[in-house]
Structure formats: structure tokens, C-alpha cells
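Residue numbers (the numbering used here), protein chains in the order written: chain A, 249 to 665; chain B, 249 to 665.
This is the structure:
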């Protein structure tokens, strides 16, 4: 509490609200371009601050691989700035008339996109998220309140300072971007409880961060990211294609949320598909665990527990289960999945339809890798995260879903009977 | 806890989930029509149960006006059944392709409406909400878990039993509609915490119910109903029209969420507008409270406190404040309002635009009564409530917003580079 009192979150949120009101009529793209320039010009001070964070991590004995996740470089800063310029180049998501009609008594109704107002972002590690989140919120007309991880605090401080200075330079309010500038964890709880002061919280990070936010938030939240994804190889699958897709979805980038974690195989293709596929996976360094039926055929596979079916490995590790039908595949997925990305490999039209209908997830693929669930791949041009909840945004969430709407109703003195 | 153990909420939610999976492919309209018939045919048993609830209320010494809110009659039951038939007649909100496109690598993407799955409804008093909520959820393909108020428990039990029997009669799962059949308040907390088992909670009722739900829910919530609405009479207003609109918005039905609670008046029209308007309001039985400037002119008006500006009276009571400009009006509204319905009365195009742009609310009227914020008036054909939050639904919420979506992606073996 002693530390918390040094940083007045309540006052900061009030300034965010004031800034957000000014954003609607301001040139937000000019702000974004100024931010991009300032980051490139400020690369020296950014790297200096980043070195403090890296050094502190090394002192704590963090492995070099993890330290590396925090590291910035001139090239990385230029990439970050380029992403901001690309956000500036996107169409304005505000003031779009989504629908409009006139009712019997002559009232004219328009449904128009407007900003959320103040968006809180709670995220981990990588300092590039600081810039990305601030830029996306600004483009969407909202002020951002950023709470990064304490081990990137020095980097984040400098990034936010540069962005704020850039905004002021083109006549936008500095408080359109604010950092919760204290490592005090109580401030996260305060931010999550700030009903009426924060309009939306978007957490970005691992399962425990997301869980903490969802369990404690009183402010509306968009849950992102946790992906326990499956690929089901149907009886009618093109088996070469199936093997290529499973390998791609597991190996191409195992640490991301749309990588596959469990392979479900129809019993009829076990003999023709599984030996080759498991050999290829093992050859690519994938550690395999499996159900009893899998182990009866491949005793070298480690026995899977119920907890394994529910886990997001984010690693070169794959669970394998033999199932009897499309129905048992969808049942397994609906029971253990995280409603992120699911795929069926099949040549059978009915199996494909049944799978896409019965599986309850954000993105359901037929004959393609789960790795394609991505705002950029989908053509959204930007992505704040992949929503695994059903309210508002579901699946890859671009700028269009970082806004809300209001109804504007024009009359000529109408009263209600 | 002793009572809670008699009712196994967890098992009930499991049955709701199973029922919800079956709803997608079933004839939900047939279910709705059967429900409507069953309610009319069962009017006798409904009224008998309702009499138990009414008698229990009278025993508790509840005023007859409040007892009356719980009361059903043959005519009221026929109205309730008719509303269910109207819901059946609406277009199906499911399986609508909201968007669709093909990306560079040949993947074909469709964004399709799908049910939430299990929707929890927590509401107060009137037993008609039991039928209305169940019918809207069913039309939207979701199973409903209904938690009404304990003082309507006998009525709700019979209503739910009749609806369940009707569903079974046409081959739909009874558990598509379930009542949390226990007065134990701990079950509300359990329902609000049931992440993964309940997809959405919609509270309907007064401010304290809504607050309790929002403060305690770990499941996504759509906040409905609390309306602290304002009418601002601009310097350029047509004053006759302004008086008619203010009277309509305050007097026509003062106990509803879209009734006006505060009148803001531009200082330039105080002399020409306020005496007549206040006389008319007082003549209609409206109790007036006001700011210092109002009281300086009308000493009979009671002094308003800060708490008054924030209160939803739901009564023949109106707060009055004199302001200097459109900007001070919007500032007052954004500070004290509940983001429900706001109106400006003006002949000035610029004032109208400024007000509609700057006010942060679900529905913003120019020259019309706030009373028009209503799903039926808007033409939605049904209304589950009026959302005062910014996530997913905002303003009147019809069937179209009682669904979520998923992405269906069809490929031919694509893998990611």
C-alpha cells in the first residue's frame, strides 16, 4: 500500500478519461506517425533502458532464453515503428454507420461506431506490446492505460515517455497513453475494479495472467490467447495432407496459441496414418504422449492423463488420442478445448459440416493448419489478440472490434403514446 | 449450504450444456409454439401457484401495489403466450453469414452466427420474465438457466414445468429450460462463478441486483437497465415541443428505465421556458428538485445534492439544472448519467451534432422523448433488455445480439510458412 500511494491510479484514470474525450475530433493518424518517428529517433535511450531491464533479469538468474524475450535492438525498434505506421494506414474504425433505418413515427435511427473511451491493457514481458497496444487503442479512439510486467518497466517507461512526447508534438493529449508506473501488484486489482473509469480490459499473456484478470475483473474483459487446439484426422482424410498439416501446426512455431496440442485420429486410419505421422513428429523433436489405445500400438508413447488433454503445452509436445467417430472427436474437443482453433482433416462433406457445426470454438478449419488463426492472416491488418470468449469479439480481434457503438435518433418532437 | 446441497447446480448446468448442443439442429420454433399453447392450457395451475406467492407476500405485510406486480391473470397469461408466439415468428438469428471472404492462399473464411450455449438469467419479481427469458434464449439456440426472485418461486416452478413438458412433447430436450429451484442465495454466487459452464449472464432488475451481478460475476455479463436519463433544452429549442417532450419523458411512465430523471436548461431560455414547464410538471404531480440557480428563481423547488444528480428516481420526481452551454450539459451527463438514453431539444444543427458526438450513452436523441429507447419501438421485435455497457450489445438488445459467432475456414491442405 505504501508504494501504491505514490502512484495515484484514480487520478491517472481521470486524466485518461479527459484525454479520451479529446481524441474523437483529433488527428489520431498524425499522432501514430509521430509516435513511430519518435521511437526510431529515440532508439538510443530505449536500448539504454532496455539494457537495465536485461541486466536486472540476468542478476535474478533468469535463463538467457527468457532474457532474450525482453531484448530490443535497433532492428526490432524499427519493426515496432513500422507496425505503428501500418496501423495509421488502416481505415478509421470510428464514425462508421453500421445500420440505419426510419421507424413508423418518423424517427430516424443510426447505429454508429464510437470509441470505448479508456482501455486497460494488462500484459507480460515483451516491451513491443506496450507500443502495439497503445497504437491500436489510439487508432480506435481510446486512451490506453498500460500495465506491463515489472521486468520490462524501464523499457516501458521510456517507450511511453517517447510516445507521449510525440502526441503532444502534434497537438494530441499526452494522457491518451499512460503507463501504470509502479510495480505494485495491488494496482492491477484496482485497475480491474475501476468500473466507470475503465471501459474495457484486455489481458495479453499466459493462462495464469488471463485467469487472474477474468477472476478479479469487475470491468468488462475480453479474454484472449489461451489455445488448447486440436486436429482431428477423419476416416476419409487425405493422409499425406493430414501429416503435413499436423507437422505444420505442431512444429512450425510451437510456442504460440494457435499451435496444435492434441491429435485425434479416427480408428479406421490408425494403421495407415499413425505410424508414419508419429515417426515424422518424433523426427522433428516432438515428445509424444497418448491414450491407452495409442500406447497399445506404440508402447514408447507416454501415457496421457486427463490433465494432459486440458493442457496448453506451448512446446514440442503432442497428445494423441484414437477416437471412434467425428462425434467422439467433437465431444473430446468441446470437453477439453479452450474454444480457440480446431481442425478436421477429411474428404467427407458430411464429416466436415458436422465438425464445423458441433465444435464450439472461435475458428474451425477444414483441411488447413490451425496456425492460420491470426488477425494479419485473416486480413484485419492488425490484431490486439485472439478472443476465446463469446462476448463482443471472438477469434482474431482487429481494430473493427476495438470500438463500440451508439444509436443516434433524430426526431421532430415525437413523444410516446 | 444445507439447502444448497439439495439443489445440485453443477449437475443442472451440465444438463443445460447437453441440451444446448441438441438445440442447434432442432425445430426451436415448434418448441416455442408448444410452450405458448401449454401456458394457455395450464392457466388454471399457473394461477393456483401464483395465488400461493401472492398470499405469502400478503402474509409478509407487502403493500398491495407491490403484491400486484407478482399477480397473473388469465388475460396476462394469454399476453405472455402471445409474446412467445411473436418470438417464434421472428427470423432465425442463427446460421447467418455475417461476412465471408477468401484470402491469398486460397482459404475461404466465413463468419457465422452461432448460439452462446448456456445463458443464465437473474431477475426480479414479475413471473412473466421467466417465460420471456426462456423463449428468447430458446429462439437464439441457447439453453436458459433461470434464477427468478424467491417471492415468485411457486409461479416460476409451474411456468417452467409447463414449458419443459411442452418441449419434450415436440422432441426438444426439457433441460433447454431450467429453473434454479431453490431460494438459497449462495446459488446466485455459484451461478455467477460458473466459468465454462455458463457462457453469458443477463441480469434484469433494479440497480442493486445489477450491481451485485457485475461485482461478483466471473462469467461474461451483459449489464442492463439502470437509466439515469437527461433532457437538455438548448438555447435554440422549440419551447412548446421541449415542454411536451419533457412531460412525456417524465410522466407517461415514470417507473421505467428510459424515463427522464434530470432536466438541463440553457440559461438563455430559463425565463421563456422554465416557468411554464415547471408549472406543467408540478400540475402533473411531479416533485421538483433543483440547482441553486433554479432555486433562486423558483424558491419552492427543493435543493438538489450531488447524490440527486446520480439517482434514478423511477418516480414522479425530476431534478432541474440550469447550464451555460451544450458543453456543460454534455459534461453533466457524462459525469452523472448511466449511459442509457439522453436527449437534446434544439433547432441548431451544430448543437445537435455536438451533443450526439460528445455524449457517451447508448441512445442519443435529438428532438424526441427518451421513452423511445425500446427494442420493440426500434423494430427488433423482441427485447431481452437495454444494455448500458459497451461490450457486445449496447442499447436495446434483441435476438440478433443474443447470439455469438464463429469463423469457419475451408482449405485444401494449406499449411503456414
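For each residue, glycine too, the CB sits at the ideal point set by N, CA and C. Computed from a predicted structure; not experimentally measured.
Here residue 431 of chain A is exposed: its Cβ has fewer than 16 other Cβ atoms, across all protein chains shown, within 10 Å. Taking the Cα of residue 417 of chain B as reference, the smallest distance to any Cα among B/286, B/619, B/254 is reached at B/286. Taking one beta carbon from each stretch, the region 350 to 364 of chain B and the region 306 to 326 of chain B have fewer than 3 pairs nearer than 8 angstroms; the two do not touch. Listed by position along chain A, the residues whose Cβ is nearer than 7 angstroms to that of residue 608 of chain B are 365. Close partners of residue 480 of chain A in chain B (Cβ separation under 8 angstroms) are lacking, with about 14 angstroms as the shortest Cβ gap. Distance from the Cα of residue 471 of chain A is smallest, within the candidate group A/349, A/544, A/632, for A/632. Taken in chain order, the complete beta strand (DSSP E) segments of 3 residues or longer contained in the region 441 to 506 of chain A are 448 to 452, 477 to 481. Nearest to residue 614 of chain B by C-alpha distance, out of B/592, B/605, B/567, B/607, is B/592. An exposed status is given to residue 624 of chain B, since fewer than 16 other beta-carbon atoms sit within 10 Å of its beta-carbon. Shortest Cα-Cα distance from residue 661 of chain A to any of B/331, B/603, B/485 involves B/485. Against chain B, the CB of residue 510 of chain A has no partner CB under 9 angstroms away; the residue lies outside that interface. Restricting attention to alpha helix (DSSP H) runs no shorter than 4 residues, the region 323 to 397 of chain B encloses them at 376 to 387, ordered along the chain. In this model, residue 283 of chain A and residue 331 of chain A are separated by some 11 angstroms (Cα to Cα). Scanning A/280, A/476, A/350, A/304 for the CA closest to the CA of residue 334 of chain A turns up A/280. Interface with chain B (9 angstroms Cβ-Cβ cutoff): residue 521 of chain A is excluded. Residue pairing by DSSP puts residue 426 of chain A in a beta bridge opposite A/393. In this structure, the alpha-carbon of residue 546 of chain B lies about 53 angstroms from that of residue 337 of chain B.
In terms of Cα proximity to residue 567 of chain B, the closest of B/628, B/479, B/443, B/373 is B/479. Apart from the 5 residues on each side of it in sequence, residue 347 of chain A sits with its Cβ closer than 6 angstroms to the Cβ of 359 in its chain, given in chain order. DSSP places residue 640 of chain A in the coil class of the three-state scheme, outside both helix and strand. A Cβ-Cβ distance of about 14 angstroms is found for the pair residue 293 of chain A and residue 328 of chain A, leaving them out of contact under the 8 angstroms criterion. Within chain A, not a single residue places a beta-carbon under 7 angstroms from that of residue 514 of chain B; the smallest gap is close to 18 angstroms.
The DSSP assignment places 535 to 538 as complete runs of the beta strand (DSSP E) inside the region 528 to 561 of chain B, in order along the chain (cut-off: 3 residues).
When the Cα atoms are used, residue 513 of chain A and residue 404 of chain B turn out to be separated by approximately 46 angstroms. Within chain A, the residues placing a beta-carbon under 9 angstroms from that of residue 615 of chain B are 658, 659, 660, 661, 662, ordered along the chain. At a C-beta separation below 8 angstroms, residue 447 of chain B has these neighbours in chain A: 638. Contact between residue 426 of chain A and residue 461 of chain A does not hold, since the beta-carbon distance rounds to 18 angstroms and is not under 8 angstroms. Counting the other CB atoms within 10 Å of its CB gives residue 339 of chain A a total below 16, which places it among the exposed residues. In the three-state reduction of the DSSP assignment, residue 273 of chain B falls in the coil class, being assigned neither a helical nor a strand state. For the region 617 to 629 of chain B, the residues whose beta carbon sits under 7 angstroms from a beta carbon of chain A are, in order, 617, 619, 620, 625, 626, 627. Residue 643 of chain B is positioned such that its CB atom lies no closer than 9 angstroms to that of residue 351 of chain A.
Judged by DSSP secondary structure, residue 402 of chain B falls within the alpha helix (DSSP H) whose first and last residues are 401 to 417. Using a Cβ-Cβ cut-off of 8 angstroms, residue 496 of chain A is close to 663, 664 of chain B, given in chain order.
The closest CA to that of residue 399 of chain B, considering only B/308, B/489, B/423, is found on B/308.
With respect to the 9 angstroms criterion, residue 553 of chain A and residue 522 of chain A are not classified as neighbours on the basis of their beta carbons. Chain order gives no chain A residues near residue 551 of chain B, where near means a beta carbon separation below 9 angstroms; the closest approach is about 26 angstroms.
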